[in-house]
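See structure below.
Chains as they are written, first to last, in our numbering: chain A, 1375 to 1701; chain B, 7 to 370.
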């Protein structure tokens, strides 16, 4: 294969592998912007994945057209993610418990619950969803070198990946360009002030925690039903992607526009693991596996050292319970 | 009210945690066989193969005489001791542990419980009441290599490998020797994933190999990801653990499979009637503990001729031929097994070189 083809292949794979993390991190940005920290992404992704697997099997077996079945699967996984996130919302917002502890508990609970659901409901260990989202390409006609390859990298994907592009833009627009988004930022920075102008802090936070859970659920579902996935459920399949998503939120300084680059940086590092070995660039898998984490630390260090603006974008009231009475 | 809610929540969490760990209860008159799995049977891979073998053994002996008590997802650390002791406390008189990392814990327990028979898969420590067992899956891989070597048109075969340990290395070498026995021009390109179970990563590795020109994908993983990648690309695949044509019927030519019941049935019987004798079981095609799934005669080119070659070689190995018979060079050109010599069992169990024809290195 020529260099440009390898580059295009790497990019296609990087975008596909970065997408589950992108969804999860995008959801976490919304949640954290509202002032609630949810470290339970890993668990919520597991819930999304098992929901996607079971509903995917059922819906394709029921004879629905594949595309409609898959869209339903995404919706149901989002709902499942939101439901499990609402547990965190209840514990943190209504009971005002420690958000870090509750988040960690949610990660463990979601993982264990999905395993349990799996052992109860999956009777055939060889079950697999064979008809999933498929890739379709928009940029086949572009012949300009390099530009064409980059375009095909991003535009030779499945519907779920295209949806992630739209989601990033919509979330960014919502947070920074709408009144509701202003309220969202306000309750994360200064809930007292937001309360004073009539924003329902508790209700809003509930909603944003659940939206965050929905995105994490979609992220988990994409590991089952995207074109780059296998369509098989298995314990351990999320493999730490939920924790990477948490790191990405800090990396992206709580900004949806930046999180997309962070997610694809991870995607590139993951896609490099096999390609570096194939093309003889580098052959120590143990070091290759470390690259994403080294890159994250380096980028964080560099941005912290060289950034003139010392505000890294962390919401002022992140992880602080709000109580109107205690102001 | 709040306290009640907390209590309710705590109960739900507790129930979730305990229910995941436990299986059904059991009656007292049957012989109880305790098993600890590294994963769960639903992985359709390593644990699935063991689970099928144990179930078949129990069925053969009689479900009224023997029953399994199973702990899934047991980590390879101190918690495995607790898991095994829990099984013994439930009345298990024989313990099967199906992963290498349980070795030191099982050794301690074997000394502590002299009345219980222990069976450890893939380990090398034995004792009065502790046997080990494993199989020469590389012999089955050699046969699947014959199929792959005959099938490839690009003379490049991709191999998605998990961890650089002797068990995996032996499989790569056995497979490659099989490939080169029918097609000396073919090469086997190895990618390490450093994962046993990450379907997306393993599928992506296979995709990259296919893009590089590989047209047959073999694997040593616990997922069917590489098979699915080959099927999506319209190419061919060789499965592992169990018959993977269930996952990728359009690509899977055959699979190297485990038939653990061949070992489990006599092993359980020996524990039941007290005829147990310490052993280090390491059989291959001869006893049938390893084998290959039926060849896909529609996908394989010159299927009849290939089948004849595979059958012939299978019979030869069955009669005692060692696939690691010299002269064998490693892929740097160094002679590792001189002409006329065979690899000993110890050499096989510590094999850490890749034979000629493999493109790749063993990372350290």
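We treat Cβ as the ideally placed atom computed from N, Cα and C, and that holds for glycine.
{"Check": "Residues in the same chain with beta-carbon distance under 8 Å from residue 1650 of chain A, minus the five sequence neighbours each way, listed in chain order, please.", "Outcome": "1656, 1657 and 1662"}
{"Check": "For the alpha helix (DSSP H) containing residue 142 of chain B, name the first residue and the last one.", "Outcome": "Per DSSP, residue 142 of chain B belongs to no alpha helix (DSSP H) and is neither H nor E."}
{"Check": "Please report the distance separating the alpha-carbon of residue 259 of chain B from that of residue 154 of chain B.", "Outcome": "8 Å"}
{"Check": "Relative to the C-alpha of residue 300 of chain B, which candidate in B:285, B:292 and B:317 has its C-alpha closest?", "Outcome": "B:317"}
{"Check": "For a contact meaning CB atoms closer than 8 Å, what does residue 1664 of chain A contact in chain B?", "Outcome": "Within 8 Å Cβ-Cβ: nothing; residue 1664 of chain A doesn't reach chain B, min ~10 Å."}
{"Check": "Look at the alpha carbon of residue 1528 of chain A and the alpha carbon of residue 1536 of chain A, and state the distance between them as a whole number of angstroms.", "Outcome": "9 Å"}
{"Check": "Taking only the alpha-carbon atoms, compute the straight-line gap between residue 1615 of chain A and residue 244 of chain B and give it to the nearest angstrom.", "Outcome": "29 Å"}
{"Check": "Among B:85, B:158, B:62 and B:198, which one has its Cα closest to the Cα of residue 42 of chain B?", "Outcome": "B:85"}
{"Check": "Would you mind reading off the limits of the beta strand (DSSP E) that contains residue 233 of chain B?", "Outcome": "That residue, residue 233 of chain B, is in no beta strand (DSSP E); its alpha helix (DSSP H) goes 231-238."}
{"Check": "Pick from A:1560, A:1593 and A:1571: whose alpha carbon is nearest that of residue 1579 of chain A?", "Outcome": "A:1560"}
{"Check": "May I have the straight-line CA-CA distance separating residue 168 of chain B from residue 182 of chain B, to the nearest angstrom?", "Outcome": "16 Å"}
{"Check": "Name the residues in the stretch 233-252 of chain B whose C-beta lies less than 7 Å from a C-beta of chain C; which are they?", "Outcome": "The structure shown contains no chain C; the protein chains it does contain are A and B."}
{"Check": "Could you name the residues that DSSP lists as bridge partners for residue 264 of chain B?", "Outcome": "B:296"}
{"Check": "Cβ of residue 107 of chain B versus every heavy atom of the ligand ADP: is any distance shorter than 7 Å?", "Outcome": "With respect to the ligand ADP, the structure offers nothing, as it holds no ligand at all."}
{"Check": "Counting C-beta neighbours from all protein chains within 10 Å, is the total for residue 238 of chain B 16 or more, i.e. buried, or is it exposed?", "Outcome": "buried"}
{"Check": "Please report the straight-line C-alpha distance between residue 1399 of chain A and residue 1624 of chain A, rounded to a whole angstrom.", "Outcome": "10 Å"}
{"Check": "Is it the case that the Cβ atoms of residue 1356 of chain A and residue 1686 of chain A are separated by a distance below 8 Å?", "Outcome": "Residue 1356 of chain A lies beyond the stretch modelled for chain A, which goes from 1375 to 1701, so this question has no answer here."}
{"Check": "Across the stretch 1572-1590 of chain A and the stretch 1429-1436 of chain A, are there enough close Cβ pairs to call them in contact, namely three or more that are closer than 8 Å?", "Outcome": "no"}
{"Check": "If you follow the beta strand (DSSP E) that residue 289 of chain B is in, where does it begin and where does it stop?", "Outcome": "286-289"}
{"Check": "Given a cut-off of 8 Å on the beta-carbon distance, is the pair residue 1523 of chain A and residue 1674 of chain A in contact?", "Outcome": "no"}
{"Check": "Could you tell me the distance, in whole angstroms, from the CA atom of residue 1596 of chain A to the CA atom of residue 335 of chain B?", "Outcome": "45 Å"}
{"Check": "Taking the continuous beta strand (DSSP E) assigned at residue 1425 of chain A, which residues delimit it?", "Outcome": "Here residue 1425 of chain A belongs to no beta strand (DSSP E); instead the alpha helix (DSSP H) covers 1415-1435."}
{"Check": "Classify residue 351 of chain B as buried or exposed, calling it buried when 16 or more other Cβ atoms lie within 10 Å of its own Cβ.", "Outcome": "exposed"}
{"Check": "Kindly identify the DSSP beta-bridge partner or partners of residue 123 of chain B.", "Outcome": "B:100"}
{"Check": "State the Cα-Cα distance for the pair residue 116 of chain B and residue 1598 of chain A, rounded to the nearest angstrom.", "Outcome": "42 Å"}
{"Check": "For residue 270 of chain B and residue 218 of chain B, I'd like the C-alpha separation in whole angstroms.", "Outcome": "42 Å"}
{"Check": "Determine, using beta-carbon pairs with one atom in the stretch 207-217 of chain B and one in the stretch 1473-1487 of chain A, whether at least three such pairs fall under 8 Å.", "Outcome": "no"}
{"Check": "Just mark residue 30 of chain B as buried or exposed, buried being the case when its beta carbon has 16 or more other beta carbons within 10 Å.", "Outcome": "Low confidence applies here, because residue 30 of chain B scores a pLDDT of 48, under 50, leaving its location unreliable and the question unanswered by this model."}
{"Check": "Taking 8 Å as the cut-off, decide whether the C-beta atoms of residue 1547 of chain A and residue 1395 of chain A are in contact.", "Outcome": "no"}
{"Check": "Among B:311, B:141 and B:101, which has the Cα closest to the Cα of residue 177 of chain B?", "Outcome": "B:141"}
{"Check": "Alpha carbon to alpha carbon, how far is residue 1470 of chain A from residue 1695 of chain A?", "Outcome": "6 Å"}
{"Check": "When you compare only the Cα positions, how much space is there between residue 276 of chain B and residue 240 of chain B?", "Outcome": "48 Å"}
{"Check": "How about residue 1638 of chain A and residue 1401 of chain A: are their beta carbons less than 8 Å apart?", "Outcome": "no"}
{"Check": "Answer with buried or exposed for residue 147 of chain B, where buried requires no fewer than 16 other C-beta atoms within 10 angstroms of its C-beta.", "Outcome": "buried"}
{"Check": "When you compare only the Cα positions, how much space is there between residue 228 of chain B and residue 191 of chain B?", "Outcome": "29 Å"}
{"Check": "Would you identify the three-state DSSP class for residue 187 of chain B, choosing helix, strand or coil?", "Outcome": "helix"}
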